[in-house]
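Chains as they are written, first to last, in this note's numbering: chain A, 740 to 1042; chain B, 941 to 1232.
The C-beta atom is built at its ideal place from N, Cα and C for all residues, glycine as well.
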Amino acid sequence: MASLQQRIRSTPARRWGEWLLFVALIGPNLLLFGIFTYWPLIYNGYLSFVRWNFLRPVKPFVWFDNYLNVFSSRLFWEIVLNTLVFTVWSVGLTLVLGLALALLINQPLRYRNAARATLFSPVVMSGAVVAVVWSYIFDPRYGLIDQLLGLVGLNSPDWLGTTEWAMPAVIMVYVWKNLGYAVVIYLAGLQGIPRELYDAALVDGAGPWARFRHVTLPGLSPVAFFLSVTSVLATFQAFDIIKVLTDGGPVTATTTLIFYLYELGFVTYDAGKAGVVAVVLFLIMLVLTLIQVRYLERRVSYG
Amino acid sequence: MALSDELVLTQPVENAAARRRGRRWRAAGYLAMLLAVLVIGLPVYWTLIAAFKTSAEIYGPPTWFPQTPTLANFPAAWNAAPFGRFYLNSFITTLGGMGLEVFFAVTSAYALAFLRFPRKDLVFLLLLAALMVPVEITIVPNYLTIARLGWINTYAGIIIPGAAIAYGTFLLRQAFLALPYEVIEAARVDGAGHIRTLVSIVIPMAQPAIVTMALLSLVAKWNDFLWPLIVTNTENMRTLPIGIYWLRNSEGTINWGVVMAGSLFLIIPVMIVFLFVQRYIVEGIATGAVKG
């Protein structure tokens, strides 16, 4: 950039003009971030210290009462556990199945581009509509799963109506929808592994398993790392599938932190507790994002 | 993708036994691929056929093809809710939201890539930091802001809070900086102002990156659920995903054929667009991850 800046003579008037243009071009974007991204952070923090039901004109300051209330309730820890179960299973299944499918599609098979497109298509579908479709599939009497289980003489459980089966159902749909994303990222990673490494391994007499262990896996590790962080972040933000499929239930069986925040804000109208949950969620995700940004920075500076 | 040829060339075929083993592996590969495609495709197929089944068939013994195919579910769904209005709302909020995001990303990226400003790095950081704040945690304060502005149940209320863009700005800045610098410099030396340079040189040259960014934005806006759900409470302002959610709530379990037909209203436009632009979307997503 320096060369242009040096070659075009800079007079004070021109410099001011350029500064003004800079502000005009980037200002609206930053202003919106200020109002709808940074201000909410501060306001969430403020809400977490007051008692308010969104209607009363006064918001009494209650210090850490909301935090104590939230952290001492059994419900909150149940919800934290739900979030963990949902995240660990969803991310684990996505990473493992995604790797297997990417390795498969990376083989010189015919129709693999069509297969990749099919696997990826749920990623671009609306999560809400995917969940609507799956609520029919899970229908214990007329759904697809009941029909398939019927072929082997089994009855379908009441997936969405029982506390034991609701979370597995949500995880299943979530993985079904997002698997294609992992496959595409893994495939990009696989294509980035230098062919010479495989050739060298072949010359050294490495079999398929040894090549996978010592060339493919290490070559994929940066991509797998990126994928695991982004997938964990995504599960923390998963809302539409849960809202449509189970509405957080039965009881609280599929209520995750983000769903709890929604309920506090828009169903039970407890602004203080909503503030606490928003602050907690923000801190968790901030740590995760910082890890990811560090990684991205490194990649960018290499390129 | 000429990858298949490459792989064949690099695989030393030693003898007939190895070739036979290769064939067996290949058969297993096709089988696995078929299985994966079935698992992903079957639910979509199930939706599709249900939309063409009569109620009697849906609630009778299972069938894999509609026995007496009917189109009645589609008008029934269309009349069960104001779907024409939902389409209009979805088109306006999607195109409006995408248009603003693309505009902001292009202008911000140009400023960051080519203009001087004191402590520009801090401005860039301020923009990037917004990536660390997921929209989901801003819903309560943003609802209050939108309510204070009187924007509940308005297009502005749906579009504006999500219109600022950090990731796209980041991607386009990278793309702009990678453009051949001599061309931009030549235009500047010839006396073209910044806006001219942006419109007639930078945008056309960076078109693939801009299209990719626009498509990612398009998909995200079209499918958005949480924010439109919160910020609208009249049937007339619902977008398609919200409309189908309510259709399921009122008709689901008793009228699956109608609900599945309604779902196709939303899925089919996406799938048609996806068929044509699949490559852009897939590459755009992979670029973010692998090339940064």
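Chain B residues whose Cβ lies nearer than 7 angstroms to that of A/Pro767: Phe1044
By the 10 Å Cβ neighbour count, where 16 or more other Cβ atoms means buried, how is A/Gly1042 classified, buried or exposed? The predicted position of A/Gly1042 is uncertain, since its pLDDT is 34 and thus under 50; a value taken from the coordinates is nonetheless stated next. So A/Gly1042 counts as exposed.
Test: B/Trp1186 CB closer than 8 angstroms to a CB of chain A: no
Determine the direct distance from the alpha carbon of A/Gln886 to that of A/Pro1060, and round the result to whole angstroms. Residue 1060 of chain A lies beyond the stretch modelled for chain A, which goes from 740 to 1042, so this question has no answer here.
Starting from B/Ile1038, trace the alpha helix (DSSP H) in both directions and tell me its first and last residue. Here residue 1038 of chain B is Met; the residue named in the question, Ile, does not match the sequence. First-last of the alpha helix (DSSP H) with B/Met1038: Phe1023 to Phe1054.
Report yes or no: do three or more beta-carbon pairs, one from the segment 929 to 943 of chain A and one from the segment 958 to 977 of chain A, lie closer than 8 angstroms? yes
Going by beta carbon distance, what residues of the same chain come within less than 6 angstroms of B/Ile989, once the five residues before and after it are set aside? Pro1006
Using beta-carbon positions only, say whether B/Phe1023 and B/Ala1201 come within less than 8 angstroms of one another. B/Phe1023 is not a Cβ neighbour of B/Ala1201, given a cutoff of 8 angstroms.
Compare the Cα-Cα distances from B/Ile1124 to each of B/Glu997, B/Arg1188, B/Leu1138 and B/Ala1115 and report the closest residue. B/Leu1138
The segment 849 to 865 of chain A / the segment 963 to 979 of chain B touching (three or more Cβ pairs under 8 angstroms): yes
Going by other Cβ atoms of all chains shown within 10 Å of its Cβ, with 16 needed for buried, is A/Gly756 buried or exposed? exposed
To be precise: take each residue of the segment 862 to 874 of chain A, compare its Cβ to all Cβ atoms of chain B, and keep it if any distance is under 7 angstroms. Which residues remain? Residues passing the 7 angstroms Cβ filter: Val863, Met864, Ser865, Gly866, Ala867, Val868, Val871, Val872, Trp873 and Ser874.
Listed by chain order, chain B residues near A/Ala1013 by CB distance under 9 angstroms: Near A/Ala1013 (Cβ distances below 9 angstroms), the residues of chain B are Ile1079 and Val1080.
With DSSP run on the structure shown, which of helix, strand or coil describes A/Phe788? coil
Reduced DSSP secondary structure (H/G/I, E/B, other) of A/Phe803: Here A/Phe803 carries a coil assignment [DSSP, helix/strand/coil].
Which term fits B/Leu1003, buried or exposed, when burial requires 16 or more other beta carbons within 10 angstroms of its beta carbon? Note on residue identity: the sequence assigns Thr, not Leu, to residue 1003 of chain B. That one is exposed.
Buried or exposed for A/Glu935, please, with buried defined as at least 16 other CB atoms from any protein chain shown within 10 angstroms of its CB. exposed
Label A/Ser781 either buried or exposed according to how many other C-beta atoms from any shown protein chain fall within 10 Å of its C-beta, with 16 as the threshold for buried. Before going on, a small fix: residue 781 of chain A reads as Ile here, not Ser. Per the 10 Å Cβ criterion, exposed.
If contact means a Cβ-Cβ distance below 9 angstroms, which residues of the segment 1014 to 1026 of chain B contact chain A? The segment 1014 to 1026 of chain B vs chain A, Cβ under 9 angstroms: nothing.
At the level of alpha carbons, what is the spacing between B/Lys1161 and B/Leu1040? Between the alpha carbons of B/Lys1161 and B/Leu1040 lies a distance of about 11 angstroms.
Measuring straight from C-alpha to C-alpha, what distance separates B/Ile1194 and A/Ile981? C-alpha separation (whole angstroms): 21 angstroms.
For the alpha helix (DSSP H) containing A/Asn821, name the first residue and the last one. Residues Arg813 to Ile844.
Just confirm the distance between the C-beta atoms of B/Trp1186 and B/Ala1021, as a whole number of angstroms; I'd bet it's less than 8 angstroms. 7 angstroms
What's the call for A/Ser970, buried or exposed, on a 16-neighbour Cβ count within 10 Å? buried
If contacts are defined as beta-carbon pairs under 8 angstroms, then A/Val809 and A/Phe803 qualify, I think. What distance do you get, rounded to the angstrom? With a Cβ gap of about 10 angstroms, A/Val809 and A/Phe803 do not count as contacting.
What residues from chain B crowd round A/Pro933, counting only those whose CB sits closer than 7 angstroms? Going along chain B, no residue has its Cβ under 7 angstroms from A/Pro933, so there is no contact; the nearest lies around 12 angstroms.
As a quick exercise: from B/Leu1111, B/Asn1163, B/Phe992 and B/Leu1169, pick the residue whose alpha carbon is nearest that of B/Ala1146. B/Leu1111
Looking only at its own chain, which residues have a Cβ that is under 7 angstroms from the Cβ of A/Trp915, when we skip the five neighbours before and after it? So the list reads Pro861, once near-sequence residues are dropped.
What is the residue span of the alpha helix (DSSP H) that A/Lys982 lies within? Asp979 to Leu984
Taking only the alpha-carbon atoms, compute the straight-line gap between A/Val909 and A/Leu941 and give it to the nearest angstrom. 43 angstroms
Given a cut-off of 8 angstroms, decide if B/Thr1085 and A/Asn768 are closer than it, judged by their beta-carbon atoms. no
Contact between the segment 1213 to 1222 of chain B and the segment 1013 to 1025 of chain A (3+ Cβ pairs under 8 angstroms): no
Taking only the alpha-carbon atoms, compute the straight-line gap between A/Ala867 and A/Asp979 and give it to the nearest angstrom. 5 angstroms
Ignoring anything shorter than 4 residues or poking outside the segment 976 to 1000 of chain B, list the alpha helix (DSSP H) runs there in chain order. 995 to 998
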